[in-house]
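S.K.: My questions all concern the structure below.
Number of protein chains: 2
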Amino acid sequence: MRAARLEDVAAAAGVSPATVSRVINGRPVVAPETRERVLAAVQRLNFRPDSLARSLATRRTGALGLVIADITNPFYPEVVRGVEQTAAGYDLSVLLYDTAEDSEREAQSIRLLGERRVDGVIVCAARLPEARLAELVRPDTPIVLINRRLSHLPVCTVEVDQETGVREALLHLAALGHRRIAFIGGPVASQVQQRRLAAFRRECRNLGIFTPGRWIVDAPPTIIGGKEAASALFARDARPGAILAYNDLIAIGAAIAAQEAGIAIPAELSIIGHDDIPLAGVVHPALTTVRQPMRDLGVQAVLLLQQCFNGGAPARTPPLIQLAPRLIVRASTAPAQAGSE
Amino acid sequence: MRAARLEDVAAAAGVSPATVSRVINGRPVVAPETRERVLAAVQRLNFRPDSLARSLATRRTGALGLVIADITNPFYPEVVRGVEQTAAGYDLSVLLYDTAEDSEREAQSIRLLGERRVDGVIVCAARLPEARLAELVRPDTPIVLINRRLSHLPVCTVEVDQETGVREALLHLAALGHRRIAFIGGPVASQVQQRRLAAFRRECRNLGIFTPGRWIVDAPPTIIGGKEAASALFARDARPGAILAYNDLIAIGAAIAAQEAGIAIPAELSIIGHDDIPLAGVVHPALTTVRQPMRDLGVQAVLLLQQCFNGGAPARTPPLIQLAPRLIVRASTAPAQAGSE
DNA sequence: TTGAAAGCGCTAACAA
DNA sequence: TTGTTAGCGCTTTCAA
């Protein structure tokens, strides 16, 4: 038996399709008695409106596209959770595209999303080239970027104030007496990376800390990446007394490398990460890190999109929401070794 | 300027809408010269077919629903990755619903997904009551369950052979001389939990190992859950020499509890988890665990769905795919303490 | 308060 | 090889 259509309900209730439509959409102009009859028929036939047909008629799909870089990196599930939860509150479903930090998959995602109609798109994938973003969606579909601003297109952004995060991390290290600080960055193309690196350089200068170029490196944002980058760092003659890492995975990798090299943390080496993924509080020693409000990034992105839907058309200068990071001090940082300076 | 429709392209190319449709869908019967003309018009007008209209006409949406229990539990991102990647290969998009292990959100997800048309649904959420699954989708939409069989509805299942996993874990412990083994289970309603627990009991019996009821407990499948359950276990007079945990998060929580109680791992207590989430290899000591082929669960689920699409209608006894787990021995297991028996 | 009818943009018989 | 036409199932004027 095929699924009941609106027309079937109308026939069963002895009214017109238009009236059924009014009832199921909660239009107020229907006579209570008629409404009852329709509702009864809906029940009886187990009628469920076809979202496709509805969308075709209303030009709303009730779906959001969410493009992320790597679902297996614990940063992203938190963002997804924020997006999904908030979207559900507005009766929106989420189409997830995971580019897997891979340009092949990325192109595939873009094509798939581009062919599909969605009410809005949230992009949290640093590698995605700006030119590609335009192809991503129909021109009238609003886009919100997470942790990334765009120079040409007028799109909204939700981001974390990276400069503040880096500054607090460095002030913490400086207060502990550290003056030999290395920076292990992440994906060089990412704006987050660029801002953190620039902030690192600037704040070091402000603090009168000299950082040789060989102490500023970058790595894939994974545990392995951090481990290898840190090993290379330790192999050199002059070893840093502290490391600021692009994310917690790199920081944890660095901690593992230190352990293998017989370097005690935090006694001989302090390490600070970024993100505060759940893992950060669990590893040994627990990681000091610059917490990013990951879930809130997702929440705010949906709220912004929601504004766009409600005619809050992106002005000449579209909204930019900035969230604050917070330094979480745990056990991976300690006073600099006496005489190491 | 509104987006071009198929009709506009037809007019521009001087052909009928049907011909344009044939061209953009790669139907072979179009004259090469006509095709060129149409393609040119498509380019010129920057035409992109409207997926909604197409879906309404073809009754295919090119979308999959994926319901998972908790995206912040590292088990699920791997499943999602497997699903998403494989789906993309078939030009399918993935609608993600995260029930957040919460019945409120679960009901919401079900409603949202139920109103939406998808080509198929994959459910990887143990708590979801069987009765609810029926409401989940239109009756003609194929469903694949991950790690769960159904008694009434004829739905396909992809699962891991839990019995083998538990047996290998216990044989490993037995070979190390352990005879005082506790089991910290997960969500009691989950079939995975039930199967693991039954297997635990059966294998212990086979091995001649007596396990008092107070050594069989359960906990929320989180680090905190494991920590608290283990603490309670340690508070008792007779302490187990080994723990088999429902998942790695619980196992890690138990390890933390042990550490806080001054119990050395693996010297005084061996711990085995389930899953082999990335975290498992990183914590200290690295966790011995029964690896679940998480990504492959997702991959196989999509392949199964794909079969259903191709008329591989679920037979009276719908397909059941079983994947094998594998014991990964790391540093959290060691020979039983002499004299502890 | 309700109904009739014209779409929404595309596909798929069937006919030519 | 191409065109005509009738939907796909719902919404929304407009008129009654």
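Listed in order, the protein sequences are those of chains A and B.
Using our numbering, you'd call the opening residue of the first sequence number 51 and step up by one each time.
Using our numbering, you'd call the opening residue of the second sequence number 51 and step up by one each time.
Every residue, glycine too, gets a C-beta built ideally from N, C-alpha and C.
These figures come from a predicted structure and were not determined experimentally.
Mind pulling the beta strand (DSSP E) runs of 3 or more residues that sit fully within the region 220-293 of chain B?
M.R.: Taking only runs of at least 3 residues, the beta strand (DSSP E) segments lying wholly in the region 220-293 of chain B are 231-235, 266-268.
S.K.: When you check each C-beta in the region 67-98 of chain B against every C-beta of chain A, which residues fall closer than 8 Å?
M.R.: Those residues of the region 67-98 of chain B that come within reach of chain A (Cβ to Cβ, closer than 8 Å) are Arg98.
S.K.: Where does Glu151 of chain A fall in DSSP's three states?
M.R.: In the structure shown, Glu151 of chain A sits in coil (DSSP, three-state: anything other than H, G, I, E or B).
S.K.: If you compare alpha carbons, which of B:Gly227, B:Ile196, B:Leu56, B:Glu310 is closest to Ala285 of chain B?
M.R.: Of the candidates B:Gly227, B:Ile196, B:Leu56, B:Glu310, the one whose C-alpha sits nearest the C-alpha of Ala285 of chain B is B:Glu310.
S.K.: What is the C-beta distance between Tyr296 of chain B and Gly236 of chain B, in whole angstroms, given that I count them as a contact (C-beta under 8 Å)?
M.R.: That pair is a contact at about 3 Å.
S.K.: Leaving out five residues on either side along the sequence, give the residues of the same chain with a beta carbon under 6 Å from the beta carbon of Phe233 of chain B.
M.R.: Only Phe250, Ile266, Leu294 meet the Cβ criterion.
S.K.: For Val187 of chain A and Gln350 of chain A, I'd like the C-alpha separation in whole angstroms.
M.R.: Cα to Cα, the separation comes out at about 21 Å.
S.K.: Any heavy atom of the ligand NAD closer than 7 Å to the Cβ of Leu377 of chain B?
M.R.: The ligand NAD is absent from the structure shown, which contains no ligand whatsoever.
S.K.: Sort out for me which residues DSSP pairs Arg376 of chain A with in a bridge.
M.R.: Answer is A:Arg341.
S.K.: Since Leu106 of chain A is in the beta strand (DSSP E), which residue starts that stretch and which ends it?
M.R.: Not the beta strand (DSSP E): Leu106 of chain A falls in the alpha helix (DSSP H), residues 101-108.
S.K.: Whose C-beta lies closer than 6 Å to the C-beta of Val352 of chain B among residues of the same chain, with five residues either side of it excluded?
M.R.: The residues are Val133, Thr136, Ala137.
S.K.: Grab me the residues of Gly170 of chain A's own chain with a C-beta within less than 8 Å of its C-beta, minus the 5 sequence neighbours each way, in chain order.
M.R.: Excluding residues within five positions, the ones whose Cβ falls inside 8 Å are Leu114, Gly115, Thr191, Pro192, Ile193, Val194, Leu355, Cys358, Phe359.
S.K.: Among residues of its own chain, excluding the 5 on either side of Ser105 of chain B, which ones have a beta-carbon nearer than 6 Å to its beta-carbon?
M.R.: Closer than 6 Å at Cβ, skipping near neighbours: Thr111.
S.K.: Give the residues of chain A in contact with Asp148 of chain B, contact being defined as C-beta atoms less than 8 Å apart.
M.R.: Here the neighbours are Val130, Arg131, Glu134, Gln135.
S.K.: Below 8 Å between beta carbons: does that hold for Leu162 of chain B and Asp141 of chain A?
M.R.: A contact, by the Cβ cut-off of 8 Å.
S.K.: Which of the three DSSP states, helix, strand or coil, is assigned to Leu114 of chain B?
M.R.: Leu114 of chain B falls in the strand class under three-state DSSP.
S.K.: Can you give me, in chain order, the residues of the region 152-168 of chain A that have a beta carbon less than 9 Å from any beta carbon in chain B?
M.R.: Within the region 152-168 of chain A, the qualifying residues are Arg155, Gln158, Ser159, Arg161, Leu162, Leu163, Gly164, Glu165, Arg166, Arg167.
S.K.: Return no unless some Cβ of chain A is closer than 8 Å to the Cβ of Ala103 of chain B.
M.R.: Judged by the 8 Å Cβ criterion, Ala103 of chain B is in contact with chain A.
S.K.: Quick check on Thr136 of chain B: does DSSP put it in helix, strand or coil?
M.R.: Correct three-state label for Thr136 of chain B: helix.
S.K.: Compare the C-beta of Glu391 of chain A with all C-beta atoms of chain B and state if any pair is closer than 8 Å.
M.R.: Its pLDDT being 45, under 50, Glu391 of chain A is placed unreliably by the model, and the measurement read from it follows with that caveat. No, because no Cβ of chain B sits closer than 8 Å to the Cβ of Glu391 of chain A.
S.K.: Using the Cβ count rule (16 or more neighbours within 10 Å means buried), how would you classify His202 of chain B?
M.R.: Exposed is the call here.
S.K.: Given a limit of 7 Å on CB to CB distance, which residues of the region 332-345 of chain A reach chain B?
M.R.: For the region 332-345 of chain A, which is checked against every Cβ of chain B, the residues closer than 7 Å are Val332, Val333, His334.
S.K.: Can you give me the Cβ contacts of Glu180 of chain B inside the same chain, cut-off strictly under 8 Å, excluding the 5 residues immediately before and after it?
M.R.: Answer for Glu180 of chain B: Leu200, Ser201, His202, Leu203, listed in chain order.
S.K.: With 16 other CB atoms within 10 Å as the buried threshold, where does Ala150 of chain B fall?
M.R.: That one is buried.
S.K.: Would you say Val168 of chain B and Leu347 of chain B are within 8 Å of each other, going by their C-beta atoms?
M.R.: For Val168 of chain B and Leu347 of chain B, no; Cβs fall outside 8 Å.
S.K.: Who pairs with Asp325 of chain A in a beta bridge, going by DSSP?
M.R.: Asp325 of chain A pairs with A:Arg341.
S.K.: For chain A, find out if any of its Cβ atoms is closer than 8 Å to the Cβ of Ser143 of chain B; answer yes or no.
M.R.: Yes, Ser143 of chain B lies at the interface with chain A (some Cβ there is under 8 Å from its Cβ).
S.K.: How far does the beta strand (DSSP E) with Leu195 of chain A in it reach, from first residue to last?
M.R.: Where Leu195 of chain A is concerned, the enclosing beta strand (DSSP E) stretches over 193-196.
S.K.: How big is the Cα-Cα spacing for Glu391 of chain B and Glu165 of chain B?
M.R.: With a pLDDT of 45 at Glu391 of chain B, under the threshold of 50, the predicted position of this residue should be treated as unreliable, and no value is reported.
S.K.: Does Leu223 of chain B have its Cβ less than 8 Å from a Cβ in chain A?
M.R.: No - not a single Cβ of chain A is within 8 Å of the one on Leu223 of chain B.
S.K.: Pairing CB atoms from the region 237-244 of chain B with CB atoms from the region 272-281 of chain B, are three or more of them under 8 Å?
M.R.: Touching, no.
S.K.: Determine, using beta carbons only, whether Ala175 of chain B and Ile118 of chain B come nearer to each other than 8 Å.
M.R.: Contact: yes.
S.K.: According to the neighbour-count rule (16 or more other Cβ atoms, all chains shown, within 10 Å of its Cβ), is Asn197 of chain A buried or exposed?
M.R.: Looking at its Cβ environment, which holds 16 or more other Cβ atoms inside 10 Å, Asn197 of chain A is buried.
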